[in-house]
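J.: Just passing along the structure, written as C-alpha cells.
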Amino acid sequence: MKNLRFILGLLLGVVVSTAVFCIVSCKTEPLASSPEVINPPSSTLIKELGSFTKVYKLDVDKTQYIVVVNDHNGGVAIIQHKFLPQ
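Right under this line is the structure:
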C-alpha cells in the first residue's frame, strides 16, 4: 500500500510540475519585445576581401563593432570599434 501511494504521489508531482511549466512558458514574453532593447542590431557589409572574406559593421545598442568573417574555414573576428552617441 505504501508503494502504491508513493508511486501515485510521484506521478501526481510530475503531472502538476509539467502543467505549471506549460502555463509559465506560455505566459512569458519574447526577449525582443522587452523594453531593455533600445535598437535592434543592424549590420552593413563594408568590403569583400577576396572571394571568402567579408568585413561587416555591426551596431548593437550604443556600441559599434567591426566583424571579419571568413566563409571558407568559418573564422570570425569581432573588434569593438567605438561607442555611438546617445
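What the sequence shown shows, in our numbering, is residues 1179 to 1264, in sequence order. The beta-carbon is built from N, C-alpha and C at its ideal position, and this holds for glycine as well. Keep in mind that this is a model prediction, so the values were computed, not measured.
#1: With distance defined between alpha-carbon atoms, name the residue in Thr1196, Asn1251, Thr1241 nearest to Ser1229.
#2: Got a sec, what are the start and stop residues for the beta strand (DSSP E) Ser1221 sits in?
#3: Start and end of the beta strand (DSSP E) containing Gly1253?
#4: So Val1245 and Ile1256 are in contact, right, with Cβ under 8 Å, and what is the actual spacing, rounded?
#5: Taking the beta strand (DSSP E) that Ser1235 falls in, what are its first and last residues?
T.: Inspection of the coordinates gives the following:
#1: Ser1229 has its Cα closest to that of Asn1251, out of Thr1196, Asn1251, Thr1241.
#2: For Ser1221, the uninterrupted beta strand (DSSP E) run begins and ends at 1220-1227, by DSSP.
#3: Membership of Gly1253 in the beta strand (DSSP E) is indicated by the continuous run 1253-1261.
#4: Indeed, because the Cβ distance is near 5 Å, the residues count as touching under 8 Å.
#5: Before going on, a small fix: residue 1235 reads as Lys here, not Ser. Segment 1231-1238, the beta strand (DSSP E) holding Lys1235.
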